[in-house]
Amino acid sequence: MAISSQLTSGKKWLSHEQLIRRGDKPTNLEDCARTINKSFTTCITDRAPLSISKKWGTYGIVCILFRTYFKLKSHNLCKNILRAIKVADLPELDRFPMAHRVSMRYYTGVLASFDEDFAKAEPDLQFAFDHTPRHFHSQRRLILHYLIPARLLRGSLPSAKILDEFPELATLYGPLVKGIKTGNVQMFDEALSQGSDQLMAMGTYLTVEVSRGLAIRTLFKKVYTISGGSSKLEVKQFQAALAFVGVVADLDEVECILANMIYKKYIRGYLSQEKRVLVLSKGNPFPSLNLIQ
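Each residue of the sequence shown is one higher than the one before, counting from 33 in this note's numbering.
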C-alpha cells in the first residue's frame, strides 16, 4: 500500500507540473483525484483480517487526496472524505504511523480553521507542529501559518523564540503582534495591509483581521488603567485614544466598537447610550481571553 501510495502521488504531481508548464488547465489532477478516491474506498471497505488489511493505508491515501483537493481549491470535498472516515470501521488514528497522524491532524486543523472552528483547529495544528521534526523547517513553517492565527484569536501570541526561528513569519507577524501588545491599532492596520497578499494566499486573512479587536482591547484597557480603574468611562475617552494611535472614528462608531467588545466578552460591562458612558464591571472588567474563548 505504501508503494502504491507513492506511485499515485508521483504520477499526479508530475502530470500536474507538466500541465502548468504548458499553460494548460490541470484536468489530469482532477482525474487523479478521482483515481485516488477509488483507492480510498478500497482501503476503508477492505474486509481482510486487520493484520493484513488495506485499512492501514487509509490515512496515507487520504493525505494525498487532501493535498490534491487543496491544489484544486476544492476544500469542500475533504468534508465528504471525513464523513466517510467517521462512519467507517477503522482502527483509532493513534494506531497509525506518526507521519500519517501528523499529516491528518494538519489537514483537519486547516479545514477547521477555514470553518472558523478554532477550538478544533488549534489542538490539531499544535499536535502537527509538536510532532514534526525540527529539521523539517518548511513543514513547520507551513503549520505555523495556520496555527498562529488560530491562537491569536484567544490572545495567545507567538513567542519571540518562534519568530526568531522563522524570520519569514517574524516579518509578517512581528508588527501585528506588537500592535496587539501595545494597543497600536494603526501599526496593526499597516502590518495587515502589507501582509494582505500573503495572508490571502494562505486563506488566513480574515482570521488575522478579526484579531484587530485584540489591539483595540489593549488600547481600551490602557484607557481604563490611566483613569485609575474607574468603573465609568465616557465614550469620548475611547474616541480620543483611537485618535491618538491614528484611527479616526465618530462617537457612534466608537459605541459600536464597544458594543461589539461587550458582545464578544472582551469587556465586562454595559453601555449607557443616553449618557454615552461605558459602565464597567467592578470585578475583572477585562477578563483573560483564555476564560472566554
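Built from N, CA and C at the ideal position, the CB exists for glycine as well.
Counting C-beta neighbours from all protein chains within 10 Å, is the total for residue i 16 or more, i.e. buried, or is it exposed?
i: Q305; result: exposed
i: K87; result: buried
i: I52; result: Its pLDDT being 49, under 50, I52 is placed unreliably in this model, and the coordinates cannot settle the point.
i: K43; result: Below a pLDDT of 50, predicted positions are generally treated as unreliable, and K43, at 48, falls in that range; the measurement from the model is reported next regardless. So K43 ends up on the exposed side.
i: C288; result: exposed
i: H169; result: exposed
i: I258; result: exposed
i: R166; result: exposed
i: L283; result: exposed
i: R127; result: exposed
i: S145; result: buried
i: I84; result: exposed
i: R66; result: exposed
i: Y295; result: exposed
i: A153; result: buried
i: M293; result: buried
i: L82; result: exposed
Tell me whether residue i sits in a helix, a strand or coil according to DSSP, three-state version.
i: G42; result: For G42, the pLDDT reaches just 49, beneath the cut-off of 50, and the residue's location in the model is therefore unreliable, leaving the point undetermined.
i: L184; result: helix
i: L303; result: strand
i: A80; result: coil
i: S71; result: helix
i: F161; result: helix
i: G245; result: helix
i: T333; result: Residue 333 lies beyond the range of the chain shown here (33 to 325); nothing can be said about it.
i: R166; result: coil
i: K105; result: coil
i: V119; result: helix
i: G92; result: helix
i: L189; result: coil
i: P328; result: Beyond the ends of the chain as shown, which are 33 and 325, falls residue 328; an answer cannot be given.
i: F198; result: coil
i: D229; result: helix
i: V280; result: coil
i: F318; result: coil
i: L205; result: The residue you asked about is not Leu; residue 205 is Tyr in the sequence shown. The answer is helix: DSSP assigns Y205 an H, G or I state.
i: E124; result: coil
i: K253; result: helix
Please check the pair residue i and residue j, which I expect to be a contact at CB under 8 Å, by giving their CB distance rounded to whole angstroms.
i: L224; j: L246; result: That belief does not hold up - the Cβ atoms of L224 and L246 are roughly 12 Å apart, past 8 Å.
i: L310; j: L290; result: 6 Å
i: V242; j: L179; result: Not quite, the Cβ-Cβ distance comes to about 16 Å (not below 8 Å), so this is no contact.
i: L157; j: Y138; result: 7 Å
i: V280; j: R308; result: V280 to R308, Cβ: 18 Å. No contact.
i: M136; j: Y91; result: 5 Å
i: L265; j: L303; result: Between L303 and L265 the Cβ distance is about 11 Å, and since that is not below 8 Å, they are no contact.
i: F161; j: I175; result: 5 Å
i: R173; j: T164; result: The pair is not a contact, with the Cβ atoms about 10 Å apart (cut-off 8 Å).
i: L195; j: G206; result: 6 Å
i: K314; j: S263; result: 6 Å
i: G301; j: P319; result: Contact flag wrong, Cβ pair sits at about 11 Å.
i: V277; j: N216; result: 5 Å
Tell me, which residues are paired with residue i by DSSP?
i: K264; result: V311
Report the residue from the options whose alpha carbon sits nearest the alpha carbon of residue i.
i: F150; options: R183, L97, R115; result: R183
i: K103; options: S188, E62, D78; result: E62
i: V94; options: T77, L82, P129, I68; result: I68
i: P123; options: P165, I76, S262, N216; result: I76
i: R99; options: H132, Y237, T74; result: H132
i: T250; options: Q218, T236, L231; result: Q218
i: I212; options: G301, T140, S83, K254; result: K254
i: L201; options: G187, G215, D221, Q230; result: Q230
i: A120; options: Y205, T74, N292, N316; result: T74
i: G89; options: V240, A80, F72; result: F72
For the ligand MN, is there a heavy atom less than 7 Å away from the beta-carbon of residue i?
i: L231; result: Annotation note on the ligand MN: not contained in the displayed structure, which lists no ligands.
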